[in-house]
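In the numbering used here, the protein residues as written are 2 to 376.
Glycine included, each C-beta is placed from N, C-alpha and C at the ideal position.
Because the structure is a prediction, the values reported are computed rather than measured.
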């Protein structure tokens, strides 16, 4: 999450001081690691006390694609508890020169919350990448176009992304252009940990492995690759990757490309002999830089905020999945089953991750459970 703090150095220093004071008042723990470029990782969480562990945070930061802009990030703070319902904040250091032009100072910092709970690099990887995405995009948009966040809708980035300025002053978080840009950064330049996948099991697998229910969060990349799923994924925006690479001054990085998206072959249903219906979905293989990872998801039409996962499949495995109501007879002769019933109209989509970690999506398939037909 973006948090714009100050445009003059004196204000930044005051706020950093307040931030440190507040943290110390909440916990007796404090540990500091200083990297070779002077960037500090400061923890107030008991789970992030060892210097070696803080050094891993810095190493994880470097695992995200970065350029000279990393020298303008001063500190990464890790706090023990959640704050304001968010996982992190980016605090910029945007200043004015004598001519009134904007530029980025070197005192920007990142705050990561809930460190006592998210106590490993794998668990904070996506948050760190997202917050660094704010730093990355802020640095290069300010440097190249001298524009503050409120003017980003007039940038070349907004043109490529086809983002228009909202007609209201109250902007939904997922439609905030700075948030969309930070999510794009994770998709295009994020680390391996920032793009961690979960191996979702379909109903047949869950029944065989006695997994009746399981939980998942919005941190899972192959379930929610970006907060706003109402717009195309970053890899699907022509010229977007090349745009950021050009601003970085780099030319030797290959642009993500999927030569052929997988289409759905079929979505069929059959009656369960007890109650409900069993559904089987099949799809084609993608063509591009494999091997691929496929994750099939579904969500009510018009509401993709939190998709329901169906199954994760890898290249070489059967490209099919089962969901809904499934009943099986166990070795003891007893009947076992998972009962899932659906109503209304849903949209199905496949998220495809290639061998470089780039994520793409299939064309959607709509299915009306009330009429039991797709289109």
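Taking contact to mean 3 or more Cβ pairs, one atom from each stretch, closer than 8 Å, check whether the region 308 to 324 and the region 197 to 204 are in contact.
yes
Count the other C-beta atoms from every protein chain shown that fall within 10 angstroms of the C-beta of residue 131, then say buried if there are 16 or more, exposed otherwise.
buried
Helix, strand or coil for residue 40 per DSSP?
coil
Look at the Cβ atom of residue 44, then the Cβ atom of residue 55, and state whether they are nearer than 8 Å.
Between residue 44 and residue 55, the CB-CB gap stays under 8 Å.
Output needed for residue 1: all residues of its chain with C-beta closer than 6 Å, excluding positions within five of it in sequence on either side, in chain order.
No statement about residue 1 is possible, as the shown extent of the chain runs from 2 to 376 and does not include it.
For residue 261, name the three-state secondary structure that DSSP assigns.
Note: residue 261 maps to strand in three-state DSSP.
Can you list, in chain order, the residues of its chain with a C-beta nearer than 6 Å to that of residue 107? Leave out the 5 residues immediately preceding and following it.
Apart from the 5 residues on each side of it in sequence, residue 107 sits with its Cβ closer than 6 Å to the Cβ of 73 in its chain, given in chain order.
Let's see if you can read the secondary structure: which residues bound the alpha helix (DSSP H) around residue 362?
Run containing residue 362: none in the alpha helix (DSSP H); it sits in the beta strand (DSSP E), 360 to 362.
Let me know the secondary structure DSSP gives residue 330 once reduced to three states.
strand
Specify, as a first and last residue, the run of the alpha helix (DSSP H) that residue 185 falls within.
Residue 185 -> alpha helix (DSSP H) spans 178 to 190.
By the three-class DSSP mapping on this structure, what secondary structure does residue 314 have?
strand
From the DSSP output, in three-state form, read off residue 83 for me.
In the structure shown, the three-state DSSP call for residue 83 is coil.
Is residue 104 near residue 136, with beta carbons less than 8 Å apart?
no
Could you work out which residue in 129, 117, 52 is closest to residue 63 when comparing CA atoms only?
129
Report yes or no: do three or more beta-carbon pairs, one from the region 263 to 278 and one from the region 338 to 347, lie closer than 8 Å?
yes
Checking 8 Å against the spacing of the C-beta atoms, do residue 78 and residue 50 come in under that value?
no
In the DSSP output, what is residue 111 paired with across the bridge?
77, 91
Closer than 8 Å is the cut-off here; do at least three beta carbon pairs connect the region 341 to 361 with the region 248 to 264?
For the pair of segments examined, the region 341 to 361 was found to touch the region 248 to 264: the number of CB pairs separated by less than 8 Å reaches three.
DSSP three-state call for residue 325: helix, strand or coil?
strand
Kindly give me the distance between the Cβ atoms of residue 127 and residue 220, rounded to whole angstroms, as I take these residues to be in contact under 8 Å.
Rounded to whole angstroms, the Cβ separation of residue 127 and residue 220 is 5 Å, and the two are in contact under 8 Å.
Do residue 158 and residue 249 have their beta-carbon atoms positioned less than 8 Å apart in this structure?
no
Does the distance from the C-beta atom of residue 178 to that of residue 154 stay below 8 Å?
yes
Name the residue from 278, 189, 281, 229 whose alpha carbon lies nearest to the alpha carbon of residue 236.
189
Does the separation of the CB atoms of residue 65 and residue 145 fall below 8 Å?
Result no, Cβ atoms of residue 65 and residue 145 do not sit closer than 8 Å.
If the criterion is Cβ atoms closer than 8 Å, does the pair residue 278 and residue 345 meet it?
Result no, Cβ atoms of residue 278 and residue 345 do not sit closer than 8 Å.
Rounded to whole angstroms, what is the Cα-Cα separation between residue 264 and residue 41?
47 Å
Taking buried to mean at least 16 other C-beta atoms within 10 Å of its own C-beta, is residue 224 buried or exposed?
buried
Which same chain residues, not among the five before or five after residue 39, have their C-beta less than 6 Å away from its C-beta?
none
In angstroms, rounded to a whole number, what distance separates the CA positions of residue 69 and residue 48?
31 Å
Evaluate residue 322 with the Cβ neighbour count: other Cβ atoms within 10 Å of its Cβ, from every protein chain shown; 16 or more gives buried, anything less gives exposed.
buried
Are the beta-carbon atoms belonging to residue 122 and residue 31 less than 8 Å from one another?
no
Taking its Cβ as the centre, do 16 or more other Cβ atoms sit within 10 Å of residue 362, making it buried, or is it exposed?
buried
Can you give me the C-alpha to C-alpha distance between residue 206 and residue 329, rounded to a whole angstrom?
It is roughly 12 Å from the alpha-carbon of residue 206 to the alpha-carbon of residue 329.
By how many angstroms is the C-alpha of residue 222 removed from the C-alpha of residue 374?
30 Å
Answer with buried or exposed for residue 160, where buried requires no fewer than 16 other C-beta atoms within 10 angstroms of its C-beta.
Looking at its Cβ environment, which holds fewer than 16 other Cβ atoms inside 10 Å, residue 160 is exposed.
Quick check on residue 268: buried or exposed, where buried means 16 or more other Cβ atoms within 10 Å of its Cβ?
buried
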